[in-house]
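If you're matching positions, the sequence shown starts at 0 in numbering that gives the first Met the number 0 and goes up one per residue. All residues carry an ideal CB built from backbone N, CA and C; glycine is no exception. One structure below.
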Amino acid sequence: MTNYDDSFQGVHVVFDKDNVTNTIGEVLAKAGKRQIRIAETEKYPHVTFFFNGGREEPFEGEERILCPSPKVATYDLQPEMSAYELRDAIVPKLKNQETDFVCLNFANPDMVGHTGSMEAAIKACETVDACTKDVVEAAKEGGFNVLVIADHGNCDTMINPDGSPNTAHTTNPVPIILVSDQHKSIKNGNLGDIAPTILELMGVEKPSEMTSNSLL
């Protein structure tokens with residue numbers, strides 16, 4: 000189905016690897032913007048390799064911060080995960096305006112949601128709520144716009160209709176929350192609209208490769 004190894008000969012590949020160019024990270028680097036990618040171990044590849052379109056190397060001006068995930072069998076045993084460490088790492092950088100863009104991932108609602116434990120999922124969300132509050136306040140102090148987003152749900156549905164635990168991702172629409180002194184509303188849209196929205200907030204021109212639109 001996919002190109003598992005370039006050394007394999009005579010194999011028909013159905014889904015070839017896309018050469019993704021002008022990702023938001025690349026566009027910001029070309030514009031001379033500083034950027035920070037920060038996550039704990041479980042989601043670190045998502046804010047670096049995947050966010051950069053399958054590129055391992057950081058772009059010019061890209062700083063990466065990794066906070067180790069706790070070493071537990073399942074995350075319902077420690078639903079706080081490393082959220083507080085992430086908060087403590089990024090807050091001073093926001094207050095001191097040490098960057099122009101931050102991509103921060105809190106893994107708790109996804110990873111704890113997979114365990115099927117309602118009690119742990121509630122604790123995970125309470126933790127992320129508290130940390131998000133501190134991050135947003137620091138960002139406002141530093142003069143940043145903030146987008147709070149998700150790409151899928153999980154702990155929003157913890158119990159199936161038959162009463163069994165739900166451990167899978169959900170298909171519910173996800174929220175997008177804009178915190179900004181300049182913009183007071185944001186439109187509905189899809190995940191493809193997020194990058195153009197960020198670029199408009201930062202005053203950077205959208206490349207032709209981005210075919211979706213800003214939600215401002």
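Top-ranked residue by Cα proximity to residue i, from the options
i           : options              : result
residue 96  : 203, 185, 40 and 32  : 32
residue 108 : 87, 93, 82 and 133   : 82
residue 40  : 56, 17, 20 and 65    : 65
residue 151 : 129, 37, 104 and 3   : 104
residue 128 : 140, 148 and 20      : 148
residue 142 : 119, 199 and 179     : 179
residue 212 : 35, 192 and 42       : 192
residue 18  : 49, 132 and 87       : 49
residue 230 : 201, 106, 56 and 63  : Beyond the ends of the chain as shown, which are 0 and 215, falls residue 230; an answer cannot be given.
residue 67  : 122, 84, 133 and 182 : 84
residue 86  : 0, 54, 120 and 131   : 131
Cutoff 7 Å; reference residue i; Cβ partners in own chain excluding five residues on either side
i           : result
residue 28  : 58, 59, 60 and 61
residue 30  : 203
residue 137 : 90, 93 and 94
residue 80  : 39, 68, 69, 74, 106, 107 and 110
residue 194 : 23 and 209
Per DSSP, the bridge partner or partners of residue i
i           : result
residue 275 : For the chain, the structure presents residues 0 to 215; residue 275 sits outside this window and is missing.
residue 64  : 37
residue 1   : 14
residue 103 : 37
residue 152 : 169
Assigned secondary structure, residue i (DSSP; H/G/I helix, E/B strand, else coil)
i           : result
residue 164 : strand
residue 158 : strand
residue 22  : coil
residue 191 : helix
residue 112 : helix
residue 169 : strand
residue 86  : helix
residue 131 : helix
residue 72  : coil
residue 29  : helix
residue 91  : helix
residue 185 : coil
residue 44  : helix
residue 7   : coil
residue 79  : coil
Cβ-based neighbour list, residue i, same chain, cut-off 8 Å, excluding 5 preceding and 5 following
i           : result
residue 71  : 77
residue 20  : 52 and 208
residue 158 : 117, 164 and 165
residue 34  : 24, 27, 28, 58, 60, 61, 62, 98, 99, 100, 101 and 102
Close-in-space but distant-in-sequence residues of the same chain around residue i (CB under 6 Å, 5 per side omitted)
i           : result
residue 145 : 135, 138 and 178
residue 140 : 94
residue 198 : 205
residue 36  : 46, 47, 63 and 102
Heavy atom of the ligand ZN within 7 Å of residue i beta-carbon
i         : result
residue 3 : The model depicted lacks the ligand ZN and carries no ligand whatsoever.
Would you call the region 161 to 168 and the region 110 to 124 touching, i.e. three or more CB-CB distances under 8 Å? The region 161 to 168 makes contact with the region 110 to 124: 3 or more CB pairs, one atom from each, lie closer than 8 Å.
Closer than 8 Å is the cut-off here; do at least three beta carbon pairs connect the region 16 to 28 with the region 193 to 212? Taking 8 Å as the limit for Cβ pairs, the verdict is that the region 193 to 212 does touch the region 16 to 28.
Pairing CB atoms from the region 72 to 80 with CB atoms from the region 169 to 178, are three or more of them under 8 Å? Pairwise C-beta distances place the region 72 to 80 out of contact with the region 169 to 178, as fewer than three of them are shorter than 8 Å.
Can we say the region 187 to 195 touches the region 9 to 17, given the rule of at least three CB pairs closer than 8 Å? With fewer than three CB-CB distances shorter than 8 Å, the region 187 to 195 does not count as touching the region 9 to 17.
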